[in-house]
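In what follows, a single structure is set out as structure tokens and then discussed.
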Amino acid sequence: MAAFIVQPPAYRIRRRTLGDAVASAVTAAGPGLTLAGSFRFGDFHLDADADADADADADVARSLSDVDLVADGAGDEARALMARKVEEGLAERVGMRLRVSVHPGAKFTALSPADARFLAIGEYLRHRDDGPGTLYHDFLLAKVTLLVLREHQRERYLEVAGRLATDEAALAARIKLGVSRGGFLPAARTLLGRAPYPEARLLAERFLPRADAADVRAYTRELRRRPGIDPWLREYVAGKVDAPATPLR
Numbered sequence: 627m628a629a630f631i632v633q634p635p636a637y638r639i640r641r642r643t644l645g646d647a648v649a650s651a652v653t654a655a656g657p658g659l660t661l662a663g664s665f666r667f668g669d670f671h672l673d674a675d676a677d678a679d680a681d682a683d684a685d686v687a688r689s690l691s692d693v694d695l696v697a698d699g700a701g702d703e704a705r706a707l708m709a710r711k712v713e714e715g716l717a718e719r720v721g722m723r724l725r726v727s728v729h730p731g732a733k734f735t736a737l738s739p740a741d742a743r744f745l746a747i748g749e750y751l752r753h754r755d756d757g758p759g760t761l762y763h764d765f766l767l768a769k770v771t772l773l774v775l776r777e778h779q780r781e782r783y784l785e786v787a788g789r790l791a792t793d794e795a796a797l798a799a800r801i802k803l804g805v806s807r808g809g810f811l812p813a814a815r816t817l818l819g820r821a822p823y824p825e826a827r828l829l830a831e832r833f834l835p836r837a838d839a840a841d842v843r844a845y846t847r848e849l850r851r852r853p854g855i856d857p858w859l860r861e862y863v864a865g866k867v868d869a870p871a872t873p874l875r
């Protein structure tokens, strides 16, 4: 990992244990599932500071990352069954409940950089009731800030932070991975304020620290006007954002 991510040996082992457990649970759920997102690339969240609160025999502590999977051509019921199997497999392997999402295809891979940045804002709005300064809010804001600052869709969180090479970007990466906690809102404003992207300004000026119902309606209206986003993906994200705000774990 990048030099600004310092991981004690025991924490590295826990990360490896969780990553292996996710891969094993996905394999055991049956053929046709492809791992995507943070658990594919190894930049998932695992709270290093939760170690002191964990049981002495626990292999891993708390993670706020979702497990994202792709099952091309699978229907809604089949995807829901796959997700439950993976969730149950993880509970058996590491005693941890993670949110598992199985998508019908790689809808996120053919987006323009601007559309990808705009969609990232939707993830922040989904969890808008997690108040500023909480562990949940700081993790989510760090994650979404790094997503909104990507130059292209393939750029990963640590790559963004390394390219920007600022203290604020390094803090975002550490919080996203779970190595650090707390106090990210000022750093987010600084990072977003320096960015050349309209989506960064939109997030900073309209949606921080917390969006209201009018903000959400404005976001979903704009989302549905974007022809470069797959129609299924537009409605999927709009439905998530329009629903009552859901806290993280």
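The sequence shown begins at 627 in the numbering used here and counts up by one. Ideal placement from N, C-alpha and C gives every residue a C-beta, glycine not left out.
query, result
"Determine the closest residue to A704 out of R688, P730, G715, with distance taken between C-alpha atoms.", "P730"
"Applying the 10 Å Cβ sphere with the 16-neighbour rule, what's the burial state of D741?", "buried"
"Check the DSSP bridge columns for D694 and list the partner residues they point to.", "A662, S727"
"Between which two residues does the alpha helix (DSSP H) containing V713 stretch?", "Here residue 713 turns out to be Glu, not Val, going by the sequence shown. Where E713 is concerned, the enclosing alpha helix (DSSP H) stretches over 702-720."
"By Cβ distance below 6 Å, which residues in the same chain neighbour G663 in space, the five residues on each side in sequence not counted?", "D694"
"Given a threshold of 16 other Cβ atoms within 10 Å of its Cβ, counted over all protein chains shown, does D673 qualify as buried or as exposed?", "buried"
"Using CA atoms only, rank isn't needed, just tell me which of L834, V863, P835, F665 is closest to R847.", "V863"
"Residues in the same chain with beta-carbon distance under 6 Å from G609, minus the five sequence neighbours each way, listed in chain order, please.", "In the structure as shown, the chain begins at 627 and stops at 875. Residue 609 is therefore absent and cannot be evaluated."
"Candidates V728, F670, I631: which alpha carbon is nearest D702's?", "V728"
"Only counting the same chain, and skipping five residues up and downstream in sequence, which positions put a Cβ closer than 6 Å to that of A768?", "A798, I801, K802, F810"
"Please list, in chain order, all residues of the same chain as R852 whose beta carbon is under 8 Å from its beta carbon, the five residues on each side excluded.", "D741, F744, R860"
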